[in-house]
Structure formats: C-alpha cells, structure tokens
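Protein sequences, first through last, are from chains A and B.
So the first sequence is numbered by the working numbering: it starts at 17 and just counts up by one.
So the second sequence is numbered by the working numbering: it starts at 17 and just counts up by one.
There are 2 protein chains.
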Amino acid sequence: MHSSTVAVEYSISDLCKEFDITTRTIRHYEDLGLLNPSRRGQSRVYTPSDRTRLRLILRGKRLGLSLEDSRQIIDMYEPGKTNIDQLNTLIDAIRVQRTKLNQQLDDISKLLKDLNDAEANCVIALKTNGQN
Amino acid sequence: MHSSTVAVEYSISDLCKEFDITTRTIRHYEDLGLLNPSRRGQSRVYTPSDRTRLRLILRGKRLGLSLEDSRQIIDMYEPGKTNIDQLNTLIDAIRVQRTKLNQQLDDISKLLKDLNDAEANCVIALKTNGQN
DNA sequence: TATGACGTTTACGTCAACGTCAACTTTGTA
DNA sequence: TACAAAGTTGACGTTGACGTAAACGTCATA
Numbered sequence: 017m018h019s020s021t022v023a024v025e026y027s028i029s030d031l032c033k034e035f036d037i038t039t040r041t042i043r044h045y046e047d048l049g050l051l052n053p054s055r056r057g058q059s060r061v062y063t064p065s066d067r068t069r070l071r072l073i074l075r076g077k078r079l080g081l082s083l084e085d086s087r088q089i090i091d092m093y094e095p096g097k098t099n100i101d102q103l104n105t106l107i108d109a110i111r112v113q114r115t116k117l118n119q120q121l122d123d124i125s126k127l128l129k130d131l132n133d134a135e136a137n138c139v140i141a142l143k144t145n146g147q148n
Numbered sequence: 017m018h019s020s021t022v023a024v025e026y027s028i029s030d031l032c033k034e035f036d037i038t039t040r041t042i043r044h045y046e047d048l049g050l051l052n053p054s055r056r057g058q059s060r061v062y063t064p065s066d067r068t069r070l071r072l073i074l075r076g077k078r079l080g081l082s083l084e085d086s087r088q089i090i091d092m093y094e095p096g097k098t099n100i101d102q103l104n105t106l107i108d109a110i111r112v113q114r115t116k117l118n119q120q121l122d123d124i125s126k127l128l129k130d131l132n133d134a135e136a137n138c139v140i141a142l143k144t145n146g147q148n
C-alpha cells in the first residue's frame with residue numbers, strides 16, 4: 017500500500033467539518049468523558065478510534081439517547097477492566113438497551129404507517145379540492 | 017352494549033397513572049398547545065381523542081422528537097384548515113419525517129448489531145475467565 | 001512583523017422539558 | 001363540619017446540551 021492510505025489522525029476542525037458540528041460540541045463531549053484525544057503541544061489530536069467514538073455518539077443522538085447513555089454503550093465495546101460481575105452487569109445493560117431499541121422499532125413502524133395514512137389523506141384532499 | 021364500554025373521559029390523574037407521567041408534564045404539554053382538554057368547572061376533562069394525542073406525544077418522545085416536532089406531526093392527522101399550499105407543505109413535511117425515520121431504522125439496526133457483538137464478547141470473556 | 005487561520009481555556013448565557021414549591025379551590029366523606 | 005384527596009394557577013429552580021464571547025497562544029505567509 018503505497019498510494020492513498022486512510023488518514024491516521026484528525027484535527028478538531030477536521031471532525032467538525034466531517035460531521036457538521038462545532039468545536040464546542042466536540043469539547044463538550046470531552047468534558048463529559050466521551051472523548052479523550054491525545055495532545056500535540058496543547059492541540060487535540062484525534063485517532064481513527066476517536067473518530068469512530070464520535071460517530072457512535074452522533075448515532076446515539078439521532079436515536080434520542082442522552083450523552084450519558086451513549087457513553088455507557090460505547091464503553092460496552094471496550095471490555096477493558098473485565099471482572100465477572102462487570103461482565104454480567106454489562107450483559108444486563110445490553111439487554112436493557114436492546115429492549116428500548118425494539119420498542120423504538122415498533123414506534124417507528126407505527127409512525128411510518130401513520131405518515132402513510134396522513135399522506136394519503138393529503139393526496140385525496142388535493143384531488144377533490146383542486147386540479148393540481 | 018350494556019356492560020363494559022370504554023371510558024369516554026379521563027381526569028388528569030387518570031392519564032398520569034396510565035402513562036406514568038406527572039400532572040406537571042401534562043399541563044406543560046397543554047401550555048405548548050399539544051393538548052386542549054375541555055373543562056368541567058375549573059377541572060380538566062380529557063376525551064379519548066386527547067388521550068390518543070398524549071399517546072402520540074409520548075411515542076414521539078421515545079423516538080427523540082422534540083415536543084414541537086410532535087405537535088407538527090399530530091397536526092398532520094387533522095386536516096382541518098385545508099388550503100392547497102398547506103397540503104403540499106404537509107406532504108413535504110411528511111416526507112422529511114419519513115426520511116428521518118428511515119435513518120433511525122438504519123441506526124437502530126447497526127446499533128443492535130453492535131450490541132449483539134458486544135454481548136457475544138462478554139459471553140466469551142465469561143467462558144474464559146471463570147466457570148460460571 | 002503583522003495579519004489571518006486555527007487552536008486553547010474560562011465562564012456566563014440559552015433553550016427545552018420539565019421539577020418543585022406555594023397558595024388556593026372544589027369535592028367527597030367520616 | 002372539618003379534613004383529606006384531587007384539582008387549579010403562578011412562578012422560580014434544575015438539568016442536559018450546547019451557544020457565545022473574551023482573552024489568549026501558535027504558526028504560515030505576505
């Protein structure tokens with residue numbers, strides 16, 4: 017591999033541009049312990065792994081998770097301090113999250129159905145009201 | 017139908033108990049114009065329709081929608097003041113929401129997959145670490 | 001060298017979505 | 001009739017998730 021390899025580090029503004037967020041947001045996530053970039057001098061330097069964490073955080077946001085929830089979920093991916101109790105706790109937490117997500121799936125399918133109905137009503141109203 | 021018909025009205029505390037929320041929350045929704053119960057004297061009286069609206073609001077919350085978003089969506093179900101421009105605006109809004117929901121579906125399926133992987137790792141770690 | 005682009009910390013501001021009193025009325029019921 | 005239960009309207013407080021502004025450091029380059 018000699019030509020186009022993937023970037024191995026990112027500046028804060030790189031990530032801001034890529035994900036369309038502000039530096040304030042990223043630093044805020046760091047304040048909450050969701051990100052821990054290394055430093056070159058005083059500037060933050062982000063690895064691909066940091067970038068992945070950020071992507072996960074934003075995905076969580078789109079799902080309506082709190083930042084605290086996202087932090088927990090992200091920590092699930094890194095076994096790290098693996099004590100047996102912690103593993104069982106983790107498995108429980110995973111199941112809780114899964115339950116919530118299945119509830120969301122159900123909510124979404126119902127909402128999509130409602131939207132379909134609403135749209136159909138609009139179309140009908142358009143047909144009867146005007147010849148547009 | 018002479019025996020058990022469905023309730024035709026609810027007090028504020030009826031709804032609180034049913035949906036496990038506080039009176040403050042319900043009144044807050046009213047302040048924002050999401051609910052418009054009638055009154056008997058000074059007390060609020062909720063119809064099944066009001067109850068449905070509340071259910072929709074809470075569903076929206078679980079999906080990460082703002083109350084303002086929910087208000088818009090709920091208003092979609094009630095054509096009411098149907099001017100052609102409004103209908104087209106409505107259809108656009110419906111499509112925007114549908115796009116967001118499809119994004120959520122994608123996010124959820126990825127997150128569920130991640131959770132499966134995380135759980136599998138936990139199980140493996142449990143097997144290798146202890147004989148529990 | 002100075003001007004701009006990019007970075008930093010600190011700290012107060014804001015907005016949504018309620019929580020939490022306080023002070024009061026209305027309605028059974030003991 | 002008195003008292004508890006459930007209702008009401010303010011109005012200020014809190015939390016999460018950032019926005020915003022001030023004051024400053026570090027380079028590249030014109």
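Just so you know, even glycine gets a beta-carbon here, dropped at the ideal spot from N, CA and C.
Is ARG43 (chain A) helix, strand or coil when you go by DSSP? helix
C-beta atoms of SER29 (chain B) and THR41 (chain B) nearer than 8 Å: no
Could you tell me which of A:THR68, A:TYR93, A:TYR26 sits nearest to LEU106 (chain A), measuring between CA atoms? A:TYR93
State buried or exposed for GLY57 (chain A), treating a residue as buried only when at least 16 other CB atoms are found within 10 Å of its CB. exposed
Report the rounded CA-to-CA distance for LYS126 (chain B) versus ARG111 (chain A), giving the unit in angstroms. 15 Å
For SER54 (chain A), which residues in the same chain have their Cβ closer than 6 Å to its Cβ, ignoring the five residues on either side in sequence? VAL61
Rounded straight-line distance, which links the Cα of SER27 (chain A) to that of SER59 (chain A): 8 Å
On the CB-based measure, 16 or more other CB atoms within 10 Å of its CB, does SER19 (chain B) come out buried or exposed? Only weak support is given to the placement of SER19 (chain B): the predicted model assigns it a pLDDT of 44, under 50, and the question is left unresolved by the model.
When DSSP labels each residue in this structure, what does SER27 (chain B) get in the three-state scheme? coil
Please report the straight-line C-alpha distance between ASN148 (chain A) and LEU81 (chain A), rounded to a whole angstrom. Any reading at ASN148 (chain A) needs caution, since the residue's pLDDT is 43, under 50, leaving its predicted position unreliable; the model's value is listed next. Looking at the two C-alpha atoms, the distance is approximately 42 Å.
Measuring straight from C-alpha to C-alpha, what distance separates SER86 (chain A) and LEU142 (chain A)? 44 Å
How is VAL139 (chain A) classed by DSSP in three states: helix, strand or coil? helix
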